[in-house]
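When the letters of the sequence shown are read in order and numbered with numbering that gives the first Met the number 0, they come out as residues 0 to 289. Before any comments, here is the structure.
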Amino acid sequence: MGHTKKKLVRVDIIGPGAVGTMIGYYLQGIGAEVGFIGRQGAQEYKTTVDDGSGPVRLSFSKLDSKPDLIIVAVKSYQVESVLKTWGTEFKQTTTVIISNGILDEVVRQFGLESSIALGTTNIGVKLVDDGLWRVFNNNGQLVWGSESRSRSMVETEIVKALSHKGFSYEKKAKVTRQEKWLFNTVINSLCAIHKLASNGDLLSREVELTGLFNDAYSLGTEIFGKWALDKDPLWQKLIQLIQSTKGNENSMARDIRLGRPTENEFLSGLVNKSEADYPVLREIYKKLSL
């Protein structure tokens, strides 16, 4: 991927992990000046990314100037901490959070719903070697948007430059986020609970898969209202997703294997918002919370 010399915008990315690195790679490729912020603040960051066209060595300098855009790319359970630390800055700067889970309530608790656009991505990223990230962008999307604020000029420029890579701003991005929650709740939770080697192993567990999907779909209807798609098309999308990622190691199963925190509270944990009986979903949540 050719990197142009023209400076487009100045962007800070909070979270130099898989998704943050992928976003930084694409933004630097269109000429944006990108800085990374980690646990200790602004930092230099060097890594290598390969999106199938060959490895590209990236170097991000430690930047102190005010950004035009802030992108938060952390795990769902880390978002509250980020909002506590950076909330004042988010009120002054166009901000996007790309993460799994339904984070609307967390953002509202900080009074930032009119400042932050929420989004998600299904572009695959994997650390395949020390310092080498592999991006699997097979018609993937990185979608964000807000019903409380308009799209900024910075976001318009980025979407125009990276629409061919799946970047888009949609006022109704919540629909995409809710579907992602449904699919992640089913796929990630089952892979994690059984410590499956890959997503494809789910295809031999049709009874559990169907039961968890039915519970998650019903819970989503209760919390979100009517789905944009009917139940059968969503089921077909789920199966297609599992088949298209059947060789992928599941990230939540990997977190379980490595003893790391998971996003369980923001996936199956939404069952705690309901008093209804969702037996499969509640059992999954309970086991993953041990």
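We put the CB at the ideal spot given by N, CA and C, even for glycine.
| Query | Result |
| --- | --- |
| Among Gly-123, Thr-220, Leu-131, nearest to Ala-291 - alpha-carbon criterion | Here the chain has residues from 0 to 289 only, and residue 291 is not among them. |
| Leu-202 versus Gly-246: straight-line alpha-carbon distance, rounded | 12 angstroms |
| Buried versus exposed, by CB contacts within 10 Å (16 or more), Val-185 | buried |
| N-terminal and C-terminal residue of the beta strand (DSSP E) that Gln-42 is part of | 40–42 |
| Nonlocal neighbours in the same chain, by C-beta distance under 6 angstroms from Gly-144, ignoring five residues either side | Ala-116, Tyr-168, Glu-169, Lys-170, Ala-172 |
| Leu-211 vs Leu-280 beta-carbon contact at 8 angstroms | yes |
| Cβ pair Thr-261, Leu-131 closer than 8 angstroms | no |
| Burial state of Val-198 (16 or more Cβ within 10 Å) | The sequence given here places Asn at residue 198; Val does not occur at that position. Per the 10 Å Cβ criterion, buried. |
| Close-in-space but distant-in-sequence residues of the same chain around Gly-123 (CB under 6 angstroms, 5 per side omitted) | Phe-135 |
| Outcome for Pro-66 when other beta-carbon atoms lying within 10 angstroms are tallied against a minimum of 16 | buried |
| Inter-residue spacing [alpha-carbon to alpha-carbon] between Ser-98 and Gln-239 | 22 angstroms |
| Three-state class that DSSP yields for Thr-261 in the structure shown | coil |
| Inter-residue spacing [alpha-carbon to alpha-carbon] between Ala-160 and Arg-9 | 14 angstroms |
| Contiguous beta strand (DSSP E) assignments of at least 3 residues, all confined to the region 223–289 | none |
| Per-residue DSSP class, three states only, for Arg-150 | coil |
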